[in-house]
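Right, one structure below, let's go through it.
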Amino acid sequence: MSRQETTVTVELPDGSTLDVPSGTTVEGVAYEIGPGLGDDTVAGILDGDLVAKEAEVYDGAAVEIVTPSADEYLEVLRHSAAHVFAQALQRLHPDAKLTIGPWTDEGFYYDVTGVDLDEDDLEAIEEAAHEIIEEDLPIEQTKLDRDEAVERYDDNPFKREILETEAAGSDPVSFYEQGEFSDLCQGPHVDSTGEIGGFALLEISASYWRGDEDNETLTRVYGTAFRTEEELEEFLERRRKAAERDHRKIGREMDLFSVPDHSPGCAHYHPDGMTMRRELEEYIRAKNDELGYDEVWTPELNKAGLWKPTGHYDAFKEEGEMFAWDQDDTEYGLKPMNCANHAYIYGDETRSYRDLPVRFSEFGTVYRNEQSGELSGLLRVRGLTQDDGHAFVRPDQLEAEIVNTLTVIEDIYSQFGLEVLYKLETEGDNAVGSDEIWEQATDALRTALESQGLDYDVEDGEAAFYGPKIGLDARDAIGREWTIGTVQVDFNIPERLDLTYVGEDNEEHRPVMIHRALLGSFERFMGVAVEHFAGRFPLWLAPEQVRVLPLNEDVFDYAHEIADDLEADGFRVSVATGDDTLQRKIRAGHDDNLPYMLIVGPDERDAGTVSVRDRNEDEARDVGPDEFRAHLRGERAEKRLEPDFLAE
RNA sequence: GCCUGGGUAGCUUAGCGGUAAAGCGCGUCCUUGGUAAGGACGAGACCCCGGAUUCAAAUUCCGGCCUAGGCUCCA
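Counting from 1402, one number per residue, gives the positions in the first sequence under the numbering used here.
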């Protein structure tokens, strides 16, 4: 066959096809389409994979050309930025060994070793990187014979490993060069270091080679890059804003909770935080009532034997995640989950098919020995209280029960203005029970999701050990996604604990167990809510809802009258009787994120009004206390997200 | 759990071998105010906990605890 003569046919994004000689590169295809496009080509996408512009297309490939205006361009740019970082690093620290340096959603990182770096070093490296960008060095792909490449990385076992794994099939192997710097790399890259408009190093931390904790520890430097300096500034500004709403910072400032040294991973709720938690509890309790749950309470301290038949003991204890100890020759433990206790209550009497579904709810406090490095404010804790619930249903009731739960979840999340992301998590390595049972349970969840027309992602192997689950995620202010609620179908525990009900046929049957949590845990939900609202809570949740600001001592009595009146209606109100100017009191009220302030002076007292101010509006409005109170009742009852009296 | 930072007044931070600082907050007094910081004075610190070095340690070294960011885990 004559290679020169062969043509290959590729498909373009608009659906048309193009015939090009075999051996044509992505860039070549771009030039075929048009010289302008050819000049602009940065990289290509072949059947969905980002490749260098030098990559050869093949017959039948779907080809996309990546130009500076494409989304993928940013990924390419950041990949090049990683190289610029590496080059800068090696200029300052010639002994540094490179390992891998990919782009990420937010920028890039490069894992390095052979050099001691701390945050202070980043500044100098960043400066060197800016010089490299200034130098506008052309970035070029070069090919090196395999033997030569191996030799070049004589003293770098990491790169050699890459040569033997990722790059095992290629000879020669692909390098990219810019100035004096060269790195083993598949590409793609931008044409020149000068294309990087905005470059910043963000953080320094640690990682393991190949992400395996048994491997060598590497130093990871995070950075980011953008087309322009302005885009970088916007990004950095967004980051600063996100840090401003960190729930740990706001939690301290607003005196909501603390996680003190004496109880790592266990939150202490201060009065205002507990006020919020109580509001959440009452809200969920009402939802549970609507759904037909009966509230129970079960102890945190049990004999460890309780969790052996359910499989929890194996799943938690052996991982060191269960707090358990010997007491008088018997092993006791703190409960890691509530299911075993609820299953016990179910099994404590004979159940008829007429009784099902039997539903138990509990604000159940559980303890898990999470790794110390994992603890983080309220979002990852060792002691948590779940708004837990278990429904024991007949198989024919299963789907309807799941759908009911999903519906109420949608209501609840929208009440907070949170978007729900559904994840179907399937059987993992630690699963107990037969594949058939798992399939049946997974199908039930899938059917329920689809019957409601909900979009969901499938996460294989992420389920709990006893059954598949729907994870209900919310995204927080700094882009982290947290699993909050969950719905899980479990055929295993009923089997293992021999739970039964008496059917119409007078025979014993096996119920199915649904585990579900709506908010997940009060701890995590509080954390997410604080960040979501940035401390500016809706009226119903706000620890202090209204503050009356008297202009001077002459109107203290009137101020207290107004406050007492609202308090009689169950509102949380205070009076600012401190010796501060009005401006000062207003300033303090804003700092405290108060939904409403009522300013009263002699004028208001004489007119029998209050001057209403909220945390959003600059304009105040004088109004009779009754009218304001009536509005407040409505805002609270409907759980509206923002104070809207002045918006009316 | 691992790696690298960090732990100083209620909070945020400065100080980094020689008697412990500032801003905010708190208290008292002056000021009696009109819609986002009036003024003065004052109280408040076993400088995370042990140990070591030193005439002398908040400061240097070792160990521990906690914490931040990652990594690894993860209902």
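Using N, Cα and C, we set each Cβ at its ideal position, and we do this for glycine too.
Among Asp-1506, Thr-1514, Asp-1584, the one whose alpha carbon lies nearest that of Gln-1542: Asp-1584
Decide if Gly-1784 is buried, meaning its Cβ has at least 16 other Cβ atoms within 10 Å, or exposed. buried
Rounded to the nearest angstrom, what separates Phe-1866 and Arg-1755 at their Cα positions? 30 Å
Under 7 Å, do Val-1467 and Tyr-1474 count as touching if we go by C-beta distance? yes
So what does Val-1452 bridge to, in DSSP terms? Gly-1445
Can you confirm whether the region 1616-1630 touches the region 1472-1486 when touching is taken to mean that 3 or more C-beta pairs between the two stretches lie within less than 8 Å? yes
Figure out for me which residue from Val-2024, Pro-1944, Arg-1988 has the closest Cα to the Cα of Gly-1971. Pro-1944
Bridge partner(s) assigned by DSSP for Thr-1418: Glu-1412
CA nearest to the CA of Gln-1984, picked from Asp-2004, Pro-1951, Ala-1964, Asp-1965: Pro-1951
DSSP three-state call for Leu-1983: helix, strand or coil? helix
Rounded separation between Gly-1721 and Val-1782 - CA only: 15 Å
Exposed or buried, Pro-2003, counting other C-beta atoms within 10 Å across all chains shown (16 or more means buried)? exposed
N-terminal and C-terminal residue of the alpha helix (DSSP H) that Gln-1491 is part of: 1472-1493
According to DSSP, Gly-1834 sits in a beta bridge with which residue or residues? Paired residue(s): none; Gly-1834 is not in a bridge.
So, do the region 1509-1523 and the region 1568-1583 have three or more beta carbon pairs nearer to each other than 8 Å? no
Going by other Cβ atoms of all chains shown within 10 Å of its Cβ, with 16 needed for buried, is Val-1890 buried or exposed? buried
Going by beta carbon distance, what residues of the same chain come within less than 6 Å of Arg-1628, once the five residues before and after it are set aside? Gly-1598
Leu-1807: first and last residue of the uninterrupted alpha helix (DSSP H) it sits in: 1799-1816
Inter-residue spacing [alpha-carbon to alpha-carbon] between Pro-1558 and Phe-1582: 19 Å
Could you give the distance in angstroms between the alpha-carbon of Lys-1544 and the alpha-carbon of Gln-1488? 19 Å
Which residues DSSP lists as bridging Asn-1703, in chain order: Gly-1734
Residue from His-1991, Asp-2007, Val-1794 with nearest C-alpha to Arg-2016: His-1991
Could you pull out every residue in the same chain whose Cβ sits closer than 6 Å to the Cβ of Gln-1587, ignoring the five residues on either side in sequence? Ser-1575
Can you list, in chain order, the residues of its chain whose CB lies under 7 Å from that of Gly-1595, leaving out five sequence neighbours each side? Ile-1534, Asp-1537
For Glu-1527, three-class secondary structure by DSSP: helix
Using C-beta distances below 7 Å, list every residue in its chain close to Glu-1359, excluding the 5 sequence neighbours before and after it, in chain order. The chain is shown from 1402 up to 2049; residue 1359 falls before or after that span and cannot be answered.
Rounding to the nearest angstrom, what Cα-Cα distance links Glu-2049 and Ala-1849 in this structure? 41 Å
Please report the distance separating the alpha-carbon of Glu-1802 from that of Val-2024. 48 Å
With C-beta atoms as the reference, is Leu-1490 less than 7 Å away from Ile-1446? no
Keeping to the same chain, check which residues put their C-beta closer than 8 Å to that of Lys-1718; ignore five residues upstream and five downstream. Ala-1705, Trp-1708, Ala-1725, Gly-1734
Measuring alpha carbon to alpha carbon, tell me which of Tyr-1814, Asp-1730, Lys-1688, Gln-1798 ends up nearest Ser-1762. Lys-1688
Given 8 Å, three or more beta-carbon pairs between the region 1728-1746 and the region 1691-1705: yes
Kindly indicate which residue of Leu-1602, Ala-1530, Asp-1572 has the alpha-carbon position closest to the one of Glu-1634. Leu-1602
Sequence-distant residues of its chain with Cβ nearer than 8 Å to Arg-1479 (five each side left out): Trp-1504, Thr-1505, Gly-1508, Phe-1509, Thr-1625, Ala-1626
Buried or exposed: where does Gly-1778 fall if 16 or more other Cβ atoms within 10 Å of its Cβ makes it buried? buried
Considering Cα atoms alone, identify which of Val-1430, Thr-1751, Arg-1752, Ala-1716 is closest to Lys-1736. Ala-1716
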